[in-house]
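Data first, discussion second: the structure below is written as structure tokens.
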Amino acid sequence: MNIATSAAPANAGSADAIALPTPTVAIIGAATLYLGDCYEILPRLGWLPALVMDPPYAFETSGGGRFRAARGHTDQIAAEGLADGFDHQIINSLLCGSVVVFCHNDQLPGLLAYLDGNFDRFVLCSWIKSNPMPVANKHYQPDSEFYVHAWNSGFHPIGELADKKRHVVAPVGRAKDFGHPTVKPDHVMNKIITNVSGSTICDPFMGTGSTGVAAVRAGRAFIGIEKNPIHFATACARLAAAQGLEPAGVPTLSPDQQGRPLPILTPAQGEPK
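Heads up, our numbering is the position in the sequence shown plus 125, with the first residue counted as 1.
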């Protein structure tokens with residue numbers, strides 16, 4: 126068994142750091158998972174080669190007309206704060222080589238301006254849904270979702286020509302499998318990980334671990350951060366299964382313990398492949 130859990134230590138040498146809650150960490154093979162707030166944890170991890178994230182979208186969750194009853198996942202999205210948007214400053218171009226960010230259509234203007242001002246290049250890509258919801262609600266049918274890949278010099282997209290299309294086609298439909306309303310398909314995440322350079326992938330809005338599963342299956346190290354204990358436990362089990370490890374031994378975890386500094390990755394560990 127290669128699963129270890131512990132309270133991640135806080136920085137005893139800094140009064141500011143001591144004031145921060147320290148997450149519990151689960152080390153599962155090539156994956157290191159933190160239970161806690163990514164806005165507090167991510168800056169303390171130091172430089173990382175790649176961020177791949179599906180942060181909260183910003184959109185209206187009311188409405189839906191006669192199809193509303195079939196959209197129970199929308200109620201869960203609202204209840205979990207997954208329609209409230211996110212702070213762009215979680216993406217620090219000085220602390221990562223590249224970033225992939227999923228977003229809602231209405232978030233694109235602000236997000237693209239932010240990424241354009243902080244990274245060398247960016248490209249708008251899309252997940253085209255082969256089975257979109259049959260609604261439009263005085264708009265267009267939600268048959269695609271956007272993601273942006275932005276990078277600094279040396280962390281450009283990788284893969285063969287066939288891997289570098291700006292879209293990927295896959296069906297929706299795994300929310301019931303993992304209890305999360307916005308789970309991304311394996312095919313989508315595999316394509317993204319194929320294009321992202323760097324030996325370590327970090328997802329600060331980990332959810333149930335889809336990014337991590339794709340990362341470890343591709344031979345990368347993975348760092349995930351999730352504040353919801355239920356989704357965190359699901360991610361632990363999924364990352365264990367993806368690496369052929371037994372999920373037993375991942376306990377119910379408490380995020381508010383203190384100690385010594387969190388581990389820091391150095392740029393040398395994040396050289397692009």
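In this text, a Cβ means the ideal position worked out from N, Cα and C, and glycines have one as well. Just so we're clear, the structure is a prediction, and the values are computed from it rather than from any experiment.
Taking the Cβ atom as the reference point for each residue, do residue i and residue j lie within a distance shorter than 8 Å?
| i | j | result |
| --- | --- | --- |
| CYS228 | LEU236 | yes |
| ILE318 | ALA343 | yes |
| TRP276 | ASP245 | yes |
| ILE215 | CYS163 | yes |
| ILE253 | SER269 | yes |
| ALA156 | GLY323 | no |
| GLU351 | ALA360 | yes |
| VAL297 | ASN256 | yes |
| PRO354 | LEU160 | yes |
Going by DSSP, what residue range makes up the alpha helix (DSSP H) through residue i?
| i | result |
| --- | --- |
| ILE355 | 354 to 367 |
| THR333 | Neither: THR333 is in no alpha helix (DSSP H) and is coded neither H nor E. |
Residues in its own chain within less than 7 Å of residue i by CB, not counting five upstream and five downstream?
| i | result |
| --- | --- |
| ARG363 | THR333, GLY334, VAL338 |
| HIS292 | CYS250, SER251, ILE253 |
| LEU167 | ILE215, PRO329, ILE350 |
| LYS289 | PRO282, ASN320 |
Could you check the C-alpha separation between residue i and residue j for me, to the nearest Å?
| i | j | result |
| --- | --- | --- |
| PRO267 | ALA295 | 14 Å |
| PRO181 | GLN232 | 10 Å |
| ASP179 | VAL313 | 12 Å |
| GLY171 | ASN217 | 11 Å |
| ALA287 | ASN315 | 14 Å |
| HIS274 | ASN262 | 29 Å |
| TYR272 | LEU173 | 20 Å |
| GLU285 | THR336 | 21 Å |
| MET331 | PHE347 | 10 Å |
| TYR265 | PRO234 | 18 Å |
| PHE211 | VAL226 | 11 Å |
Give the range of the beta strand (DSSP E) segment to which residue i is assigned.
| i | result |
| --- | --- |
| MET96 | What the structure shows of the chain is the stretch from 126 to 398, and residue 96 is not part of that stretch, so it cannot be assessed. |
| VAL248 | 246 to 254 |
| GLU270 | 269 to 276 |
| SER324 | Note, SER324: premise wrong, no beta strand (DSSP E); not H, not E. |
| TYR159 | 156 to 160 |
Under 6 Å Cβ to Cβ from residue i, same chain only, skipping five residues before and after it: list those, please.
| i | result |
| --- | --- |
| LEU176 | CYS221, VAL224, CYS327 |
| ASN243 | SER218 |
| GLU396 | With a pLDDT of 39 at GLU396, under the threshold of 50, the predicted position of this residue should be treated as unreliable, though the coordinate-derived value follows. If we look at GLU396 and ignore the five residues flanking it on each side, it has no Cβ neighbours. |
| HIS213 | TYR239 |
| PHE280 | GLY222, SER223, SER322, PRO397 |
| GLN485 | Since the first and last residues shown for the chain are 126 and 398, residue 485 lies out of range. |
| VAL248 | HIS274 |
| HIS230 | It should be pointed out that residue 230 corresponds to Asn in this sequence rather than to His. Excluding positions up to five away in sequence, the list is empty. |
Between residue i and the rest of its own chain, which residues show a CB-CB distance below 8 Å, the 5 nearest in sequence each way excluded?
| i | result |
| --- | --- |
| ARG112 | The requested residue 112 does not occur in the structure, where the chain is confined to residues 126 to 398. |
| ALA204 | Confidence at ALA204 is low in this model, with a pLDDT of 49, below 50, so the placement of that residue is unreliable and no value is reported for it. |
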